[in-house]
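Colleague: Residues in the sequence shown are numbered consecutively from 5, following my numbering. Ideal placement from N, C-alpha and C gives every residue a C-beta, glycine not left out. Before I ask anything, here is the structure I am working with.
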Amino acid sequence: MRELTARHQASPVTVAEAVRQLVAQGLIETRPGKGTFVAARPDERRAPDLSWQTVALGARRPGEEEMQALLALPRPGAIPLSGGYLDADLQPAAALGAALARAARQPATWQRGPAEGRADLRAWFAREAETGLHADDLVICPGGQAALSSALRALAAPGDTLLVESPTYLGALATARAAGLRVVPVPADADGVRPDQLAAAFARTGARLFYCQPLHANPTGASLAAHRRAGVADAVRDASAFLIEDDYARDLTIDGEGPPPLAADDPDGHVVYLRSLTKSAAPGLRVAAIGARGPAGARLRSARLLDDFFVAGPLQQATLEFVTAPSWTRHRRTLRTALLARREALLTALRRHLPQLAPAMIPRGGLHLWVRLPDGTDDVALAAAAAAEGVIVFPGRPWYAAEPPAPHLRLTYAAAPPDLMDEAVRRLAHAAEAVTDARRP
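Right, here's the structure in full:
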């Protein structure tokens with residue numbers, strides 16, 4: 005160092021920084037107690053042998069590849085009709101940023117709080133849900149996916165059976181399989197899961213756990229009809245089972261008002277209630293609450309503690325400030341109007357360019373359209389062809405726990421502005437034509 009400082013007439017700080025950068029680039033290497041040396045040439049180094057990891061790791065968990073594809077960012081220039089979050093233009097970024105800045109300036113928010121989350125934030129979730137759950141029944145989680153993962157591990161053991169709607173949320177399927185659960189699908193239609201089939205599935209499998217999204221289910225957009233709610237509750241009660249109610253879309257209703265959660269009619273603690281703010285606000289607001297009455301609630305709180313202790317205090321404080329301010333009400337009102345415009349723009353584009361794909365069932369809320377493809381269409385190939393045309397869609401196959409009865413696409417209307425919907429569907433039409441032509445002999 006001294007020699008370099010004298011030779012180049014540079015300060016020791018400058019020389020040290022230059023050395024640091026050269027080390028980072030792999031051009032030189034430092035050896036403690038010996039000095040600094042020119043690094044060996046790449047062709048002189050032994051190539052790393054990572055083959056041992058193949059045996060050590062074993063088989064890859066099912067569902068990981070699909071989840072990575074679902075969360076992948078679209079390439080520049082592509083129009084996204086896929087994704088589980090709001091377009092940046094729909095996110096209340098300014099209000100969230102202001103709330104987080106205020107929270108960060110409060111020293112108390114950086115201290116350790118209750119492991120189950122702030123009492124006032126849990127109380128807000130309890131009031132909003134109107135389920136009869138109390139703040140002490142709930143635990144704050146870093147997003148709905150983390151809450152679901154904890155719930156599956158808290159309420160089931162590897163080898164147990166989980167019943168799910170068919171189709172259902174891809175993330176639930178992946179999480180259940182990662183937990184070692186056996187996933188059994190139950191038929192659902194435009195009115196939600198079929199109570200008779202749910203009761204039959206409980207009887208046949210002996211399952212004690214059922215996961216569902218009664219409001220604007222992902223991917224179909226279907227909501228559990230009023231005439232089926234009692235039947236579903238009876239099937240769960242008769243099986244002495246739990247129902248995990250994923251209420252992710254509580255703030256995403258477009259037409260009319262959504263029905264109350266199933267947990268509101270559950271005095272005996274069969275429903276495990278999950279509510280997240282991520283889908284209706286912003287991907288970075290990874291805050292959710294999950295809870296249940298009785299010992300099940302205690303199991304959930306213990307599972308969350310083992311996972312990651314607690315959610316960061318500044319994020320909890322910012323969330324509380326945001327949802328208790330007038331900006332939260334304004335955001336939900338604005339969001340409803342914006343989602344309506346985007347849904348209608350996508351439907352109009354489908355009717356113009358791909359009328360055969362226009363869905364018969366229009367969801368009253370949520371973020372997606374579930375589009376039935378002609379028999380024999382390869383949905384995965386169509387999604388790949390669409391990506392090549394510059395529009396991102398997601399195939400229907402991964403949303404099924406078993407063989408899909410028909411090919412589908414999930415088209416998201418929340419991820420792109422209305423003025424791009426026509427061009428997006430035009431590109432999709434070109435891709436569909438190419439896939440059809442490839443099938444012809």
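With DSSP as the reference, identify every bridge partner of I294, one or two as the case may be.
Modeller: In the sequence shown, counting from the first residue as 1, residue 294 sits at position 290. According to DSSP, I294 bridges with V143, L278.
Colleague: Which one or two residues does DSSP pair with E249 in a beta bridge?
Modeller: As a working mapping, residue 249 is identified with position 245 in the sequence shown. Assignment of beta-bridge partners to E249 by DSSP yields C216, Y277.
Colleague: With a Cβ-Cβ cutoff of 8 Å, do P189 and A410 count as a contact?
Modeller: Here residue 189 refers to the residue found at position 185 when the sequence shown is read from its first residue. Here residue 410 refers to the residue found at position 406 when the sequence shown is read from its first residue. Cβ atoms of P189 and A410: not closer than 8 Å.
Colleague: With H, G and I counted as helix, E and B as strand and the rest as coil, what does DSSP make of A192?
Modeller: Sequence index remark: in the sequence shown, residue 192 carries index 188 (1-based). Strand.
Colleague: Which same chain residues, not among the five before or five after A239, have their C-beta less than 7 Å away from its C-beta?
Modeller: Residue 239 sits at position 235 when you count from the first residue of the sequence shown. So the qualifying residues of the chain are P199, L202, A203, F206.
Colleague: Excluding five sequence neighbours on each side, which residues of the same chain lie with their C-beta closer than 7 Å to the C-beta of P408?
Modeller: In the sequence shown, residue 408 corresponds to position 404, counting from 1. By the criterion of a C-beta distance shorter than 7 Å, P408 is surrounded in its chain by G400, R401, once the five residues flanking it on both sides are discounted.
Colleague: Using the Cα positions of F41 and R79, report the straight-line distance between them to the nearest angstrom.
Modeller: On the sequence shown, position 37 is the one that residue 41 refers to. On the sequence shown, position 75 is the one that residue 79 refers to. For F41 and R79, the distance between alpha carbons rounds to 42 Å.
Colleague: Under 8 Å, do L167 and A211 count as touching if we go by C-beta distance?
Modeller: Taking the sequence shown and counting its residues from 1, the one referred to as residue 167 is at position 163. Taking the sequence shown and counting its residues from 1, the one referred to as residue 211 is at position 207. Yes, they are a contact pair.
Colleague: Between the stretch 309-329 and the stretch 145-152, do at least 3 Cβ pairs fall closer than 8 Å?
Modeller: yes
Colleague: Drop a sphere of 10 angstroms on the beta-carbon of T224, count the other beta-carbons inside from all chains shown, and report buried for 16 or more, exposed for fewer.
Modeller: Counting from one through the sequence shown, the residue named residue 224 turns up at place 220. Answer is buried; the Cβ neighbour count reaches 16.
Colleague: Looking only at its chain, what residues have a beta carbon closer than 6 Å to the beta carbon of P422, apart from the 5 residues adjacent to it on each side?
Modeller: Within the sequence shown, residue 422 is the residue found at index 418, counting from 1. The answer, listed in chain order, is A345, R346, A349.
Colleague: Assuming A267 contacts E249 (C-beta within less than 8 Å), just tell me the rounded distance between them.
Modeller: Residue numbering aside, residue 267 sits at position 263 when the sequence shown is read from its first letter. Residue numbering aside, residue 249 sits at position 245 when the sequence shown is read from its first letter. So it is a contact: roughly 6 Å between Cβ atoms.
Colleague: Taking the beta strand (DSSP E) that E33 falls in, what are its first and last residues?
Modeller: Residue mapping note: residue 33 aligns to position 29 of the sequence shown, counting from 1. Element bounds for E33: 32-35.
Colleague: Among W374, P367, L413, H372, which has the Cα closest to the Cα of A385?
Modeller: Residue 385 sits at position 381 when you count from the first residue of the sequence shown. It is L413.
Colleague: So, at 8 Å on beta carbons, what are the nonlocal neighbours of P162 in its own chain, with the 5 sequence-adjacent residues on each side left out?
Modeller: Here residue 162 is taken as the residue at index 158 of the sequence shown, counted from 1. Once the five neighbours on either side are set aside, the close Cβ partners of P162 are A183, G184, L185.
Colleague: Assuming A307 contacts S154 (C-beta within less than 8 Å), just tell me the rounded distance between them.
Modeller: What you label residue 307 is simply residue 303 of the sequence shown in a count that begins at 1. What you label residue 154 is simply residue 150 of the sequence shown in a count that begins at 1. A307 to S154, Cβ: 4 Å. Contact.
Colleague: Under 8 Å by Cβ, that's how I've got A388 and F398 pegged, so tell me the actual separation to the nearest angstrom.
Modeller: Taking the sequence shown and counting its residues from 1, one reaches residue 388 at position 384. Taking the sequence shown and counting its residues from 1, one reaches residue 398 at position 394. Not really, about 11 Å apart at Cβ, beyond 8 Å.
Colleague: If you scan the stretch 358-434 from start to end, which runs of the alpha helix (DSSP H) of 4 or more residues do you find wholly inside it?
Modeller: 383-393
Colleague: If you reduce the DSSP assignment to three classes, tell me which class F313 lands in.
Modeller: Position 309 of the sequence shown holds residue 313. Looking at F313 - three-state DSSP - the assignment turns out to be coil, as it is neither helix nor strand.
Colleague: Tell me, please, which residues DSSP counts as bridged to R186.
Modeller: As a position in the sequence shown, residue 186 is number 182, starting the count at 1. Answer is T165.
Colleague: Flag this pair as yes or no: are the beta carbons of L125 and T323 separated by less than 8 Å?
Modeller: Taking the first residue of the sequence shown as position 1, residue 125 is located at position 121. Taking the first residue of the sequence shown as position 1, residue 323 is located at position 319. Against a cut-off of 8 Å, the Cβ pair of T323 and L125 comes out as a contact.
Colleague: Measuring CA to CA, which of G260, V59, L432, L213 is closest to A243?
Modeller: As a working note, residue 243 is residue 239 in the sequence shown. The option with the nearest alpha carbon to A243 is L213.
Colleague: So the candidates are T135, A105, D426; which of them puts its Cα closest to the Cα of P271?
Modeller: Numbered from its first residue, the sequence shown carries residue 271 at position 267. Of the listed residues, the one whose Cα sits closest to P271 is T135.
Colleague: Just the C-alpha distance for Q57 and E68, rounded to the nearest angstrom, thanks.
Modeller: The residue you call residue 57 lines up with position 53 of the sequence shown. The residue you call residue 68 lines up with position 64 of the sequence shown. Answer to the nearest angstrom: the Cα atoms are 18 Å apart.
Colleague: In whole angstroms, give me the CA-to-CA distance for L54 and A60.
Modeller: Taking the sequence shown and counting its residues from 1, the one referred to as residue 54 is at position 50. Taking the sequence shown and counting its residues from 1, the one referred to as residue 60 is at position 56. Computed Cα separation, rounded: 10 Å.
Colleague: Quick check on G62: does DSSP put it in helix, strand or coil?
Modeller: Position 58 of the sequence shown, counted from the start, is the residue given in the question as residue 62. The answer is coil: DSSP assigns G62 none of H, G, I, E or B.
Colleague: Assuming A428 contacts L90 under a Cβ cut-off of 8 Å, what Cβ separation, rounded to an integer in Å, is found between them?
Modeller: Reading the sequence shown from its first residue, position 424 is the one you call residue 428. Reading the sequence shown from its first residue, position 86 is the one you call residue 90. 17 Å between Cβ atoms; not a contact.
Colleague: Does DSSP classify P287 as helix, strand or coil?
Modeller: Translated into the one-based positions of the sequence shown, residue 287 becomes position 283. Three-state DSSP puts P287 in coil, outside helix and strand.
Colleague: Nearest-angstrom Cα distance between T381 and E437?
Modeller: The count along the sequence shown starts at 1 and reaches residue 381 at position 377. The count along the sequence shown starts at 1 and reaches residue 437 at position 433. Each residue's alpha carbon lies about 11 Å from the other.
Colleague: Check the DSSP bridge columns for G39 and list the partner residues they point to.
Modeller: Against the sequence shown, residue 39 aligns to sequence position 35. R35, per the DSSP bridge assignment.
Colleague: Given R430, which residues of its chain have a CB within under 7 Å of its CB, disregarding the five upstream and five downstream residues?
Modeller: Translated into the one-based positions of the sequence shown, residue 430 becomes position 426. Closer than 7 Å at Cβ, skipping near neighbours: H357.
Colleague: Residues in its own chain within less than 7 Å of F129 by CB, not counting five upstream and five downstream?
Modeller: Here residue 129 refers to the residue found at position 125 of the sequence shown. Excluding residues within five positions, the ones whose Cβ falls inside 7 Å are L142, R279, A293.
Colleague: In whole angstroms, give me the CA-to-CA distance for T257 and L415.
Modeller: Indexing the sequence shown from 1 puts residue 257 at position 253. Indexing the sequence shown from 1 puts residue 415 at position 411. Their Cα atoms are separated by approximately 17 Å.
Colleague: Between P378 and chain D, is the shortest Cβ-Cβ distance under 8 Å, so that the two count as touching?
Modeller: No chain D appears in this structure, which consists of one protein chain only.
Colleague: Would A449 and G370 be called neighbours here (beta carbons separated by less than 8 Å)?
Modeller: Nothing about residue 449 can be reported from this structure: the residues present for the chain run from 5 to 445 only.
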